[in-house]
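Chemist:
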Amino acid sequence: MIELLVVVGIIGILAAVGIVSYVGYVAGAQKTDAQNNMQAMYMVQEEYKASNALNTYYTTSTGNTCTPNSSNHNNINTNLFGGKEQIDISDPKFVFCIAGGSGSDGGFKIFSQRPDGSDQMTLNANNAKSGW
1180 MIELLVVVGI
1190 IGILAAVGIV
1200 SYVGYVAGAQ
1210 KTDAQNNMQA
1220 MYMVQEEYKA
1230 SNALNTYYTT
1240 STGNTCTPNS
1250 SNHNNINTNL
1260 FGGKEQIDIS
1270 DPKFVFCIAG
1280 GSGSDGGFKI
1290 FSQRPDGSDQ
1300 MTLNANNAKS
1310 GW
(Lines of atoms letter the chains of each structure in order from A and count residues from 1; the text may use other names and numbers.)
(Lines give C-alpha, C1' and ligand atoms only; values in the text may rest on other atoms or scores of the structure.)
Protein backbone atom coordinates (compact mmCIF):
# COMPACT_ATOMS: atom_id res chain seq x y z
CA MET A 1 0.00 0.00 0.00
CA ILE A 2 2.85 2.40 0.83
CA GLU A 3 4.53 1.60 -2.49
CA LEU A 4 1.32 2.49 -4.29
CA LEU A 5 1.12 5.82 -2.45
CA VAL A 6 4.74 6.60 -3.35
CA VAL A 7 4.10 5.81 -7.03
CA VAL A 8 0.95 7.99 -7.06
CA GLY A 9 2.94 10.81 -5.41
CA ILE A 10 5.71 10.57 -7.99
CA ILE A 11 3.20 10.60 -10.83
CA GLY A 12 1.53 13.67 -9.31
CA ILE A 13 4.85 15.54 -9.10
CA LEU A 14 5.75 14.66 -12.69
CA ALA A 15 2.30 15.74 -13.90
CA ALA A 16 2.57 19.09 -12.10
CA VAL A 17 5.95 19.84 -13.67
CA GLY A 18 4.78 18.65 -17.09
CA ILE A 19 1.65 20.81 -17.13
CA VAL A 20 3.60 23.97 -16.25
CA SER A 21 6.13 23.24 -18.98
CA TYR A 22 3.39 22.55 -21.51
CA VAL A 23 1.54 25.79 -20.77
CA GLY A 24 4.77 27.76 -21.21
CA TYR A 25 5.48 25.97 -24.48
CA VAL A 26 2.00 26.73 -25.85
CA ALA A 27 2.25 30.43 -24.90
CA GLY A 28 5.65 30.67 -26.58
CA ALA A 29 4.36 29.00 -29.74
CA GLN A 30 1.40 31.41 -29.90
CA LYS A 31 3.72 34.41 -29.58
CA THR A 32 6.00 33.05 -32.30
CA ASP A 33 2.96 32.57 -34.55
CA ALA A 34 1.96 36.21 -33.96
CA GLN A 35 5.50 37.36 -34.80
CA ASN A 36 5.40 35.31 -38.02
CA ASN A 37 2.08 36.94 -38.94
CA MET A 38 3.56 40.38 -38.29
CA GLN A 39 6.55 39.54 -40.51
CA ALA A 40 4.16 38.35 -43.24
CA MET A 41 2.22 41.63 -43.03
CA TYR A 42 5.50 43.54 -43.14
CA MET A 43 6.57 41.75 -46.30
CA VAL A 44 3.25 42.11 -48.11
CA GLN A 45 3.04 45.85 -47.36
CA GLU A 46 5.61 46.68 -50.07
CA GLU A 47 3.60 44.73 -52.64
CA TYR A 48 0.42 46.51 -51.54
CA LYS A 49 2.12 49.91 -51.84
CA ALA A 50 3.47 49.15 -55.30
CA SER A 51 0.12 47.89 -56.60
CA ASN A 52 -2.16 50.74 -55.50
CA ALA A 53 -2.55 54.01 -57.35
CA LEU A 54 -1.86 56.20 -54.31
CA ASN A 55 1.49 54.48 -53.61
CA THR A 56 0.59 54.17 -49.90
CA TYR A 57 0.78 51.41 -47.33
CA TYR A 58 -2.31 49.59 -46.08
CA THR A 59 -3.60 50.69 -42.67
CA THR A 60 -6.58 49.64 -40.57
CA SER A 61 -6.84 53.04 -38.87
CA THR A 62 -6.07 56.68 -39.40
CA GLY A 63 -3.25 58.26 -37.46
CA ASN A 64 0.00 56.84 -36.17
CA THR A 65 -1.38 54.48 -33.53
CA CYS A 66 -4.21 51.98 -33.15
CA THR A 67 -5.62 49.45 -30.72
CA PRO A 68 -5.43 45.85 -31.94
CA ASN A 69 -8.72 43.98 -32.15
CA SER A 70 -10.06 40.99 -34.04
CA SER A 71 -12.42 43.10 -36.17
CA ASN A 72 -9.35 44.09 -38.25
CA HIS A 73 -8.51 40.51 -39.19
CA ASN A 74 -11.00 40.15 -42.07
CA ASN A 75 -9.81 43.42 -43.62
CA ILE A 76 -6.13 42.48 -43.24
CA ASN A 77 -6.76 39.03 -44.75
CA THR A 78 -8.72 40.55 -47.65
CA ASN A 79 -6.54 43.56 -48.46
CA LEU A 80 -3.06 42.23 -47.76
CA PHE A 81 -3.37 38.48 -48.29
CA GLY A 82 -5.89 38.40 -51.14
CA GLY A 83 -8.62 36.76 -49.05
CA LYS A 84 -6.41 33.95 -47.73
CA GLU A 85 -6.94 33.45 -43.99
CA GLN A 86 -3.42 34.29 -42.82
CA ILE A 87 -4.69 35.87 -39.60
CA ASP A 88 -6.93 33.61 -37.50
CA ILE A 89 -10.47 34.99 -37.32
CA SER A 90 -12.23 32.18 -35.44
CA ASP A 91 -10.24 32.05 -32.18
CA PRO A 92 -7.34 34.51 -32.34
CA LYS A 93 -4.66 34.18 -29.68
CA PHE A 94 -3.27 37.56 -30.77
CA VAL A 95 -5.07 40.52 -32.37
CA PHE A 96 -3.59 43.01 -34.83
CA CYS A 97 -3.93 46.47 -36.35
CA ILE A 98 -1.83 48.53 -38.73
CA ALA A 99 -1.40 52.29 -38.30
CA GLY A 100 0.32 54.88 -40.45
CA GLY A 101 3.07 55.22 -37.89
CA SER A 102 5.05 58.32 -36.93
CA GLY A 103 7.71 59.92 -39.09
CA SER A 104 10.42 57.63 -37.76
CA ASP A 105 8.36 54.48 -38.44
CA GLY A 106 8.96 54.62 -42.19
CA GLY A 107 5.32 54.54 -43.32
CA PHE A 108 3.45 52.01 -41.18
CA LYS A 109 3.48 50.33 -37.79
CA ILE A 110 1.94 46.94 -36.97
CA PHE A 111 0.57 46.51 -33.45
CA SER A 112 -0.19 43.14 -31.85
CA GLN A 113 -1.29 41.91 -28.44
CA ARG A 114 -3.23 39.13 -26.78
CA PRO A 115 -6.98 39.82 -26.54
CA ASP A 116 -6.52 40.56 -22.81
CA GLY A 117 -3.97 43.31 -23.63
CA SER A 118 -0.83 41.42 -22.59
CA ASP A 119 2.25 40.57 -24.71
CA GLN A 120 2.19 43.80 -26.72
CA MET A 121 4.47 43.87 -29.76
CA THR A 122 5.12 46.31 -32.61
CA LEU A 123 6.90 46.17 -35.95
CA ASN A 124 7.38 49.17 -38.24
CA ALA A 125 8.33 49.69 -41.88
CA ASN A 126 11.99 50.05 -40.87
CA ASN A 127 11.84 46.55 -39.32
CA ALA A 128 12.21 48.03 -35.82
CA LYS A 129 10.63 45.69 -33.27
CA SER A 130 9.48 46.10 -29.69
CA GLY A 131 8.13 43.51 -27.28
CA TRP A 132 9.73 40.60 -29.15
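This note's numbering puts the sequence shown at residues 1180 to 1311. We put the beta carbon where it would ideally sit given N, CA and C, even for glycine.
1) Between which two residues does the beta strand (DSSP E) containing Gln1209 stretch?
2) Would you kindly work out how many angstroms separate the C-alpha atoms of Ala1219 and Gly1261, rounded to a whole number?
3) Run through DSSP, which three-state label would Thr1239 get?
4) How should Met1217 be labelled, buried or exposed, when 16 other C-beta atoms within 10 angstroms of its C-beta is the threshold for buried?
5) Extract the residue ranges of the beta strand (DSSP E) inside the stretch 1266 to 1309, only unbroken runs of 3 or more that lie entirely within it.
6) Can you tell me the Cα-Cα spacing of Thr1241 and Val1202, whole angstroms?
7) When the Cβ atoms of the stretch 1269 to 1283 are set against those of the stretch 1232 to 1239, are three or more pairs found closer than 8 Å?
8) Below 8 Å, how does it come out for the stretch 1245 to 1254 and the stretch 1289 to 1306: are there three or more Cβ pairs, yes or no?
9) DSSP three-state label for Thr1246, please.
Modeler: According to the structure shown:
1) Per DSSP, Gln1209 belongs to no beta strand (DSSP E); it is in the alpha helix (DSSP H), 1181 to 1230.
2) 13 Å
3) coil
4) Buried: at least 16 other Cβ atoms inside 10 Å.
5) 1274 to 1278, 1288 to 1292, 1300 to 1303
6) 37 Å
7) yes
8) yes
9) In the three-state reduction of the DSSP assignment, Thr1246 falls in the coil class, being assigned neither a helical nor a strand state.
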